[in-house]
Amino acid sequence: RLGDDDTYLHLYSGWQQIKKWGALNNSTRAIPSTYLGWRGEAATGPLRVRGAYVTRYSDRDSPDKIHFRTADKKQISSIATGELSYSDRGYSALYFFGESHNYLQRQGLELGWQPAAWVDHRFKLASQFYLNHGLNDWTRMSRSHKTFDDDAYHAAMYAEWRADRWKHKVGASYTRASLSGGLGRFEWHLAKHSRGTFNSMADSWGNDYVGDKEKMLAWTFGYAILPEVELGMVTNYGWGMKYQ
1301 RLGDDDTYLH LYSGWQQIKK WGALNNSTRA IPSTYLGWRG EAATGPLRVR
1351 GAYVTRYSDR DSPDKIHFRT ADKKQISSIA TGELSYSDRG YSALYFFGES
1401 HNYLQRQGLE LGWQPAAWVD HRFKLASQFY LNHGLNDWTR MSRSHKTFDD
1451 DAYHAAMYAE WRADRWKHKV GASYTRASLS GGLGRFEWHL AKHSRGTFNS
1501 MADSWGNDYV GDKEKMLAWT FGYAILPEVE LGMVTNYGWG MKYQ
């Protein structure tokens, strides 16, 4: 670890949690999942660069240290990812690129805005765009193992704010993930036994609204009965996908 809070260089190795780091993420339930490999970050002022290279995975409910796999169970040697982000005066932008070796590429662009005039309400506007591209080990798989043919994308946006004890979040999304002879889905994990970054409201409890040509509207709200107790509801409505 080098530097101070404003300008620094950090390097990490070994088994570690990797949360929303480029295209990689981890499970954050009672016991988090971990990866084996290297990761690093460097920053100066509002700019930050981060990257990671990992070769193994351990899930939250298992002591096993396992390799990444394709959907048809072929071993994947590694996953590499990097990101560049900027955040200053209420504006933020992040671009990431990730690749599971010879299997799948992912790119993502996330933009955010928090206007100073609404700081008391913690108002935020955000948008996300994710693009997937299948590599050789993806395209050679049979259709029964794929979630899309060669390319897929997902576009989304949301707004969130607080008012007294209430908090609200509303969003929308659209997905293209064509699959010949089936209903395609957008895939945000770079391999089996890994987790991917995906900040769209289409990732919802009990169901994911990422079918080919699927449009989605979402609204979540909560009310703080006590500082430590909140009641709320999650609602999603998706339409437009068709099975062929």
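Numbering (my numbering), first residue to last: 1301 to 1544. Using N, Cα and C, we set each Cβ at its ideal position, and we do this for glycine too.
Integer-rounded CB distance, given that residue j should sit under 8 Å from residue i
{"i": "I1366", "j": "R1356", "result": "7 Å"}
{"i": "S1478", "j": "D1449", "result": "6 Å"}
{"i": "W1461", "j": "H1421", "result": "5 Å"}
{"i": "Q1414", "j": "G1390", "result": "4 Å"}
{"i": "M1516", "j": "S1480", "result": "Their Cβ separation, rounded to whole angstroms, is 24 Å, which puts M1516 and S1480 out of contact at 8 Å."}
{"i": "G1345", "j": "F1396", "result": "No, G1345 and F1396 are not in contact; Cβ-Cβ is about 20 Å, not under 8 Å."}
{"i": "G1506", "j": "L1483", "result": "With a Cβ gap of about 18 Å, G1506 and L1483 do not count as contacting."}
{"i": "V1470", "j": "A1518", "result": "7 Å"}
Per-residue DSSP class, three states only, for residue i
{"i": "A1417", "result": "helix"}
{"i": "H1545", "result": "One cannot answer for residue 1545 here, as it falls past the ends of the chain, which runs 1301 to 1544."}
{"i": "T1439", "result": "helix"}
{"i": "A1491", "result": "coil"}
{"i": "R1485", "result": "strand"}
{"i": "N1325", "result": "strand"}
{"i": "A1477", "result": "coil"}
{"i": "D1464", "result": "coil"}
{"i": "G1412", "result": "strand"}
{"i": "G1496", "result": "strand"}
Per DSSP, the bridge partner or partners of residue i
{"i": "M1457", "result": "S1427, A1472"}
{"i": "G1303", "result": "Y1308"}
{"i": "R1350", "result": "E1341, E1383"}
{"i": "H1433", "result": "Q1405, D1451"}
{"i": "T1520", "result": "K1469, V1534"}
{"i": "G1511", "result": "R1485"}
{"i": "D1503", "result": "D1508"}
{"i": "S1333", "result": "None, per the DSSP bridge assignment."}
{"i": "G1398", "result": "T1381, R1406"}
{"i": "I1376", "result": "F1368"}
{"i": "S1358", "result": "T1334"}
{"i": "G1314", "result": "G1337"}
- Count the C-beta pairs between the stretch 1328 to 1344 and the stretch 1442 to 1462 that are closer than 8 Å, then say yes if the count reaches three, no if not. no
- Message: Quick test of the definition: if touching needs 3 or more C-beta pairs under 8 Å, does the stretch 1434 to 1445 touch the stretch 1497 to 1505?
- Response: The stretch 1434 to 1445 is not in contact with the stretch 1497 to 1505.
- Validate contact between the stretch 1483 to 1492 and the stretch 1401 to 1412 using beta carbons, cut 8 Å, 3 pairs: yes
- Message: Would the stretch 1362 to 1379 count as touching the stretch 1305 to 1313 if we require 3 or more Cβ pairs under 8 Å?
- Response: no
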